[in-house]
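Numbering (UniProt numbering), first residue to last: 1 to 629. Every residue, glycine too, gets a C-beta built ideally from N, C-alpha and C.
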């Protein structure tokens with residue numbers, strides 16, 4: 001009897017398993033990405049549980065404290081390869097302890113709640129300074145290494161810094177500000193021996209004699225995980241940089257970043273993004289800590305050396321900004337480009353054309369495109385590998401990262417609202433503004449400084465009285481398959497001939513032409529014309545010349561008439577920000593006047609069906625109203 005019962009149980013289990021398999025197969029046919037959505041949700045829940053520390057405090061702790069506990073548990077585990085060689089966790093912890101103890105030995109040491117500017121390049125000392133300050137409870141404010149004196153002064157004042165910790169190499173950026181900093185009561189501490197001007201503290205002697213040990217009870221821990229732990233400055237491409245507050249909870253959650261995208265402890269991560277931005281510091285360095293991976297830190301990105309670097313260092317994961325992948329694709333082909341161990345590339349801003357070219361040329365590397373902002377409360381992950389999407393908006397995903405897409409009036413520069421004053425949700429395939437609810441679970445900490453700086457990023461009364469949503473400033477589109485695609489920044493989209501023109505769409509169309517290597521699109525004002533006319537700055541492929549008729553025919557096939565650029569500007573290279581974003585502000589300010597623009601200019605000419613050279617005489621005809629475009 002028992003044997004028959006056992007066989008019956010086996011049969012029953014087999015029937016259940018077969019049924020589950022059939023249901024799963026049916027669901028995959030009906031909703032092919034359902035299992036990917038579920039799997040990602042499980043990973044996200046696991047990462048959040050491991051991070052701990054929900055709103056109001058808890059076991060989360062600070063990133064510095066987590067780092068020191070990890071180092072104590074596995075001191076020999078590889079951690080960071082950069083300037084000065086390789087550092088295991090134990091060696092890194094000793095370096096952090098020396099910085100913390102050296103700062104503690106100062107006459108007026110930094111303490112809990114103090115803000116200290118951190119001005120160090122892409123080298124291990126950035127991490128030592130960051131964690132050393134955090135161990136004392138101070139709040140580092142990450143400063144851009146290319147800031148000029150006026151910008152540096154603005155940033156230090158904006159975050160309320162009482163001191164700046166600077167590397168010896170970058171002290172020259174601070175030196176012109178010494179009289180002003182003295183007036184503002186801002187101390188200057190240099191990671192170097194000196195000699196330095198009076199009042200500047202050289203830390204090297206203190207570092208040489210400082211203890212390389214930090215006891216757990218000596219490391220400051222937050223009481224509230226939503227407290228500010230550091231400041232990261234916005235890019236400032238459309239105005240002065242703002243100091244975005246980053247909470248302890250957000251920092252701790254970044255420990256799970258690489259697990260979310262499919263990396264593991266055996267991976268070697270290549271990181272050449274600036275550490276003073278979130279992608280480099282929190283996603284890159286903290287993400288590696290979270291899974292126990294090795295971080296290969298480079299001071300700057302070199303497209304020509306990248307694959308040699310990958311082979312030499314055994315790189316398996318590459319953290320990118322979209323332009324880095326374009327640089328690689330634009331490099332001359334070389335033998336052995338597929339002979340590497342790179343299996344995963346993760347980042348943001350990768351255009352569909354570069355995505356496909358990258359995989360076709362360098363092999364079946366898995367790509368995970370993401371979306372997020374330093375100050376934002378919404379993140380997106382394209383975990384299915386669908387080219388061109390920045391993430392998915394399934395109902396499962398929105399359970400832990402809620403967001404909405406609402407209709408946006410480009411001319412008014414604000415979301416459309418109905419008669420009741422409420423925002424209107426965009427439909428599938430409709431471009432709209434990406435917003436996210438501000439709740440205890442998805443908070444928005446805002447910026448340092450006057451409250452109005454933070455209030456400007458909020459939309460209120462969106463769907464109900466009293467609600468508040470974070471305004472990303474980004475226009476996106478969600479299709480019927482729930483994939484979200486980035487369309488444009490609000491400030492970049494412009495109106496021409498009564499139509500909205502998305503600069504990303506135009507740039508993608510231009511780059512599909514064989515003669516073009518790079519393109520950036522923006523709107524310019526033209527005398528006697530309403531709105532802004534489309535203009536594109538171009539970089540030609542080596543060996544190619546400007547093909548006016550060919551470009552005209554190419555764009556005629558891909559873009560509606562109103563979206564085709566009226567002006568083209570051919571440059572040797574495009575100006576980039578330090579985070580590899582195309583710099584459009586100066587280009588838009590210079591416009592299309594041949595008397596101002598030093599580069600060759602071309603005008604769309606419907607009569608000849610070509611782009612023709614734009615000279616001063618032609619421009620004067622346009623200014624006088626004798627020529628319409």
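Check your understanding: Roughly how many angstroms lie between the CA atoms of residue 8 and residue 43, to the nearest whole one?
Key -> With a pLDDT of only 43 at residue 8, under 50, the local geometry of the prediction cannot be trusted, and no value is derived from it.
Check your understanding: DSSP three-state call for residue 593: helix, strand or coil?
Key -> coil
Review point. The alpha helix (DSSP H) spanning residue 327 covers which residue range?
Key: 322-330
Check your understanding: If you run the structure through DSSP and keep just helix, strand and coil, what is residue 110?
Key -> coil
Point to revise | According to DSSP, residues forming a beta bridge with residue 128 | key: In the DSSP output, where bridge partners are listed per residue, residue 128 has none listed.
Practice item. Identify every run of the beta strand (DSSP E) within the region 141-192, keeping only runs that are complete inside it and at least 3 residues long; order them along the chain. Key: 163-167, 187-191
Review point. Helix, strand or coil: how does DSSP classify residue 353 here?
Key: helix
Review point. Which term fits residue 244, buried or exposed, when burial requires 16 or more other beta carbons within 10 angstroms of its beta carbon?
Key: buried
Check your understanding: Can you tell me the Cα-Cα spacing of residue 554 and residue 516, whole angstroms?
Key -> 12 angstroms
**Study point:** Rounded straight-line distance, which links the Cα of residue 414 to that of residue 210
**Key:** 55 angstroms
Review point. Where in the region 277-342 do unbroken runs of the alpha helix (DSSP H), each at least 4 residues long, occur, reported from the N-terminal end onward?
Key: 287-291, 306-313, 322-330
Exercise for review: Give the straight-line distance between the Cα atoms of residue 13 and residue 49, rounded to the nearest whole angstrom.
Suggested key: Below a pLDDT of 50, predicted positions are generally treated as unreliable, and residue 13, at 42, falls in that range; no measurement from the model is reported.
Review point. Over what stretch of residues does the alpha helix (DSSP H) that includes residue 499 continue unbroken?
Key: Run containing residue 499: none in the alpha helix (DSSP H); it sits in the beta strand (DSSP E), 499-501.
**Study point:** Straight-line gap, residue 523 to residue 66 (C-alpha atoms, nearest Å)
**Key:** 47 angstroms
Review point. Do the region 487-506 and the region 463-478 meet, that is, are 3 or more Cβ pairs less than 8 angstroms apart?
Key: yes
Review point. Is the region 283-292 touching the region 248-255, taking contact as three or more C-beta pairs under 8 angstroms?
Key: yes
Check your understanding: Under the DSSP definition of a beta bridge, which residues are partnered with residue 496?
Key -> 499
Review point. Apart from the five residues on each side of it in sequence, which residues of its chain come closer than 6 angstroms, Cβ to Cβ, to residue 541?
Key: 515, 517
Check your understanding: Quick one: what's got a C-beta closer than 6 angstroms to residue 261's C-beta in the same chain, skipping five residues either side?
Key -> 346, 368
**Study point:** Reduced DSSP category for residue 251 - H, G, I as helix; E, B as strand; rest coil
**Key:** helix
Exercise for review: Count the other C-beta atoms from every protein chain shown that fall within 10 angstroms of the C-beta of residue 280, then say buried if there are 16 or more, exposed otherwise.
Suggested key: buried
Check your understanding: Should the region 307-317 be regarded as contacting the region 332-340, the criterion being three or more beta carbon pairs within less than 8 angstroms?
Key -> yes
Check your understanding: My guess is that residue 38 and residue 396 are in contact by the Cβ rule of under 8 angstroms, so how many angstroms apart are they, rounded?
Key -> 6 angstroms
Exercise for review: Go to residue 258, then tell me how far its alpha helix (DSSP H) extends in each direction, as first and last residue.
Suggested key: 257-260
Review point. Given residue 402, which residues of its chain have a CB within under 7 angstroms of its CB, disregarding the five upstream and five downstream residues?
Key: 436, 437, 442
Exercise for review: Would you tell me roughly how many angstroms separate the C-alpha atoms of residue 75 and residue 68, rounded to the nearest one?
Suggested key: 10 angstroms
Check your understanding: So residue 228 is in the beta strand (DSSP E); what residue range does that whole segment cover?
Key -> 228-233
Exercise for review: Identify, in the order they occur along the chain, each residue of the same chain with its Cβ nearer than 6 angstroms to the Cβ of residue 54, setting aside the five sequence neighbours on each side.
Suggested key: At residue 54 the pLDDT is 42, less than 50, meaning the model places this residue with poor confidence and gives no usable figure here.
Check your understanding: Would you say residue 297 and residue 82 are within 8 angstroms of each other, going by their C-beta atoms?
Key -> yes
Review point. Could you check where the beta strand (DSSP E) with residue 395 kicks off and where it finishes?
Key: Segment 395-400 is the alpha helix (DSSP H) holding residue 395; no beta strand (DSSP E) there.
**Study point:** Test item: CB-CB of residue 140 and residue 275 under 8 angstroms
**Key:** no
Review point. With a CB to CB cut of under 6 angstroms and the five nearest residues on each side skipped, what residues in its chain are close to residue 444?
Key: 377, 438, 470
Exercise for review: Would you give the residue range spanned by the beta strand (DSSP E) that residue 86 belongs to?
Suggested key: 85-88
Check your understanding: Among residues of its own chain, excluding the 5 on either side of residue 213, which ones have a beta-carbon nearer than 7 angstroms to its beta-carbon?
Key -> 97
Practice item. Go ahead and pull the three-state DSSP assignment for residue 472. Key: strand
Check your understanding: Which class does residue 96 belong to by DSSP, given the choice of helix, strand or coil?
Key -> helix
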